[in-house]
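Residue numbers (the numbering used here), protein chains in the order written: chain A, 82 to 191; chain B, 112 to 465.
Even for Gly, the Cβ is constructed at its ideal location relative to N, Cα and C.
First the structure, in the form of structure tokens, and then the observations on it.
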Amino acid sequence: MIAVIGLVLGVVAGLVIEPTVPANLQAYLPIAVVAALDALFGGLRAYLDGIFDERVFLTSFLSNVVVAALIVFLGDQLGVGSQMTTAVIVVLGIRIFSNAASIRRHLFKA
Amino acid sequence: MIDPRDPLGLGDLHPGDEEEGDRPAAVANGDPSPASAPEDQRASEAVANQDVANADGDLPTEAPLTAGAGPEVDPQEPPGAEVPDPAAPPVADERQETPSPSGAQTGAGDAARPQRSGWARLGHAMRPRTTPGQLMAAGLCALLGFALVAQVQQTTDTQLGALRQNDLVRLLDETTTRTGELEQESLDLQRERDELLSGSDRQQAALDAARRTAAMQGILTGRLPATGPGVRITLTEPEGEIRPATMLHVLEELRNAGAEAMELNGQRITASSAFTGTRGDVVLDGSRLESPFRWSVIGDPDTIAPALEIPGGALVRVRADGGRGTVEKSDRVDVTALRELPDPVHATPVEDEG
Numbered sequence: 082m083i084a085v086i087g088l089v090l091g092v093v094a095g096l097v098i099e100p101t102v103p104a105n106l107q108a109y110l111p112i113a114v115v116a117a118l119d120a121l122f123g124g125l126r127a128y129l130d131g132i133f134d135e136r137v138f139l140t141s142f143l144s145n146v147v148v149a150a151l152i153v154f155l156g157d158q159l160g161v162g163s164q165m166t167t168a169v170i171v172v173l174g175i176r177i178f179s180n181a182a183s184i185r186r187h188l189f190k191a
Numbered sequence: 112m113i114d115p116r117d118p119l120g121l122g123d124l125h126p127g128d129e130e131e132g133d134r135p136a137a138v139a140n141g142d143p144s145p146a147s148a149p150e151d152q153r154a155s156e157a158v159a160n161q162d163v164a165n166a167d168g169d170l171p172t173e174a175p176l177t178a179g180a181g182p183e184v185d186p187q188e189p190p191g192a193e194v195p196d197p198a199a200p201p202v203a204d205e206r207q208e209t210p211s212p213s214g215a216q217t218g219a220g221d222a223a224r225p226q227r228s229g230w231a232r233l234g235h236a237m238r239p240r241t242t243p244g245q246l247m248a249a250g251l252c253a254l255l256g257f258a259l260v261a262q263v264q265q266t267t268d269t270q271l272g273a274l275r276q277n278d279l280v281r282l283l284d285e286t287t288t289r290t291g292e293l294e295q296e297s298l299d300l301q302r303e304r305d306e307l308l309s310g311s312d313r314q315q316a317a318l319d320a321a322r323r324t325a326a327m328q329g330i331l332t333g334r335l336p337a338t339g340p341g342v343r344i345t346l347t348e349p350e351g352e353i354r355p356a357t358m359l360h361v362l363e364e365l366r367n368a369g370a371e372a373m374e375l376n377g378q379r380i381t382a383s384s385a386f387t388g389t390r391g392d393v394v395l396d397g398s399r400l401e402s403p404f405r406w407s408v409i410g411d412p413d414t415i416a417p418a419l420e421i422p423g424g425a426l427v428r429v430r431a432d433g434g435r436g437t438v439e440k441s442d443r444v445d446v447t448a449l450r451e452l453p454d455p456v457h458a459t460p461v462e463d464e465g
């Protein structure tokens, strides 16, 4: 509940403040957001599995974001930044889908 | 520590992150506890899960430590051995007694589903509680929402600004190349258009010239009917008969006076026409002429009429033969008789050397 409230608060804050993303972070923010979404879905699934753990959630959330951004950063340095972005997005998308499927099984028994 | 379930290092996996039977090889290879002792592992896992389930609301501070160690030790049971394994009756019993979440973890087809369903668990999660874990999750979610909105607005605001330098350079290159191609195409099309325009002009001029030539030649050779100002000459034979030489004289006089198209008793007279026959039996181009002889001549009437009347001229010769002639000027004389000309057999036009 508080997590949902926090999400809403974050969205409202973003709408009110209208932040401008620094130029250096512009390539990495979408990756970080997707990675965080992946962590969020993973946490929800773990909660439905009954094995939710705040510590794991925190570390996975942060490490997902940081590692995804690092991978893309490394790709940029190697000259394959856009391809690396695609690769990370694909992997994270697959994980989000699988997590969503598990959540769906929990909620709808199907 | 390298997580065996996540060899790519893409992120930390939650304990229930993997699909059932997703990567049995990786789990089996990297599992810290060998698969030869599945029962022990299963028991410890069940205990850990129960701890987590209890810790959700009851033990806010101590349980995370306990449960945090759980995923490290028993991230996943060997998936292939989970459902069909009949060798773990104590675990199954324990699952039946307590609503352990591991039942839900095995999959939807498990008969030992816990009483607390997914919705109830979700509702339980929705209950407002203030634990450090909840606050932390709220903070992370707020961060996520903030970043999400920022990114969405960024994407909406600037599309080129978010691109990398390489992408921008590539975009610029493509645009430049495309512009060059379009300019080249524009030049080609313009040149083609100019060619077509001038070509049609030349063609039109040639066509006009050919038409004028054809009209002139047609009138001269008698292939085309003609009309215009001229004179009508009527020759009668009240007291004698006109000789063919006299008729030829009249024709020469008309030509000298500038006659352009002539017709005599319905017969076209051209450059190749010839008067033959004898006195009283004049033949023009093979057909006999009957008196009176009616000429229709197109030319300048004020030149032709005096030319015929000059002393020693054509009409004087006619009168000498015993004939009579009248000349009538007219603003409109029609020469409608045509003459078929055979195509030249031996003569061919000289090639234009211009």
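- For the C-beta of residue 260/B, the chain A residues within less than 7 Å are, from N- to C-terminus, 92, 95, 96.
- According to the DSSP assignment, residue 350/B belongs to no beta strand (DSSP E), since it is labelled neither H nor E.
- Using a Cβ-Cβ cut-off of 7 Å, residue 231/B does not count as an interface residue toward chain A, since no Cβ of chain A sits closer than that to its own.
- The beta carbon of residue 281/B does not come within 7 Å of any beta carbon belonging to chain A, so the residue lies off that interface.
- A Cβ-Cβ separation of about 14 Å leaves residue 253/B out of contact with residue 118/A under the 8 Å criterion.
- With its beta carbon at least 7 Å from every one in chain B, residue 168/A lies outside the interface.
- Counting C-beta pairs with one atom in each stretch, the stretch 431-449 of chain B and the stretch 404-419 of chain B have three or more that are closer than 8 Å, which means they touch.
- Here residue 337/B really is in contact with residue 409/B; their C-beta atoms are around 6 Å apart, less than 8 Å.
- When CB distances to chain B are screened at a threshold of 9 Å, the residues of the stretch 129-140 of chain A falling below it are 129, 130, 131, 132, 133, 134, 135, 136, 137, 138, 139, 140, in chain order.
- Within chain A, the residues whose beta carbon sits less than 9 Å from that of residue 278/B are 162, 163, listed in sequence order.
- Rounded to the nearest angstrom, the Cβ distance from residue 169/A to residue 182/A is 20 Å, too far for a contact under 8 Å.
- Setting aside the 5 residues that flank it on each side, residue 448/B is surrounded in the same chain by 374, 377, 378, 379, each with a C-beta closer than 7 Å to its C-beta; the list follows chain order.
- Within chain B, the residues whose beta carbon sits less than 7 Å from that of residue 142/A are 251, listed in sequence order.
- Secondary structure note for residue 435/B: it is in no alpha helix (DSSP H), and the uninterrupted beta strand (DSSP E) holding it is 435-446.
- Counting other Cβ atoms within 10 Å of its Cβ, residue 293/B stays below 16 and is therefore classed as exposed.
- Note on residue 122/A: 16 or more other CB atoms within 10 angstroms of its CB, so buried under the neighbour-count rule.
- Under the Cβ distance rule, residue 310/B does not count among the residues neighbouring chain A, no pair being separated by less than 7 Å.
- Around the CB of residue 383/B, fewer than 16 other CB atoms lie within 10 Å, so the residue is classed as exposed.
- Using a C-beta cut-off of 8 Å, the stretch 386-401 of chain B makes no contact with the stretch 314-333 of chain B, since fewer than three inter-stretch Cβ pairs fall below that distance.
- Interface criterion not met: the Cβ of residue 300/B is under 7 Å from no Cβ in chain A.
- Residues of chain B with a Cβ closer than 9 Å to the Cβ of residue 171/A do not exist; the shortest Cβ-Cβ separation is about 11 Å.
- Below 8 Å, enough C-beta pairs join the stretch 395-405 of chain B and the stretch 347-365 of chain B to call them touching: three or more.
- By alpha-carbon distance to residue 185/A, the top candidate from 147/A, 126/A, 93/A, 167/A is 126/A.
- Assigned with DSSP and collapsed to three states, residue 394/B falls in strand.
- Just so you know, the alpha carbons of residue 147/A and residue 141/A end up roughly 10 Å apart.
- Rounded to the nearest angstrom, the Cβ distance from residue 128/A to residue 232/B is 7 Å, consistent with a contact under 8 Å.
- Residue environment for residue 311/B: exposed (fewer than 16 other C-beta atoms within 10 angstroms of its C-beta).
- Within a 10 Å sphere around the beta-carbon of residue 325/B sit fewer than 16 other beta-carbons, which makes this residue exposed.
- Chain A places a beta carbon closer than 7 Å to that of residue 256/B, counting this residue as a contact.
- Take the alpha-carbon of residue 264/B and the one of residue 84/A: they are about 23 Å apart.
- Note that the C-beta distance between residue 368/B and residue 332/B is not below 7 Å.
- Beyond the five residues adjoining it in sequence on each side, residue 155/A comes within less than 8 Å, by CB distance, of 165 in the same chain, given in chain order.
- For residue 375/B, the secondary structure class from DSSP, reduced to helix, strand or coil, is strand.
- Around the beta-carbon of residue 171/A, fewer than 16 other beta-carbon atoms lie within 10 Å, marking it exposed.
- In the three-state DSSP reduction, residue 421/B falls in the coil class, being neither helix nor strand.
- Residues of chain A whose Cβ lies closer than 9 Å to the Cβ of residue 244/B are, in chain order, 133, 134, 135, 136, 138, 139.
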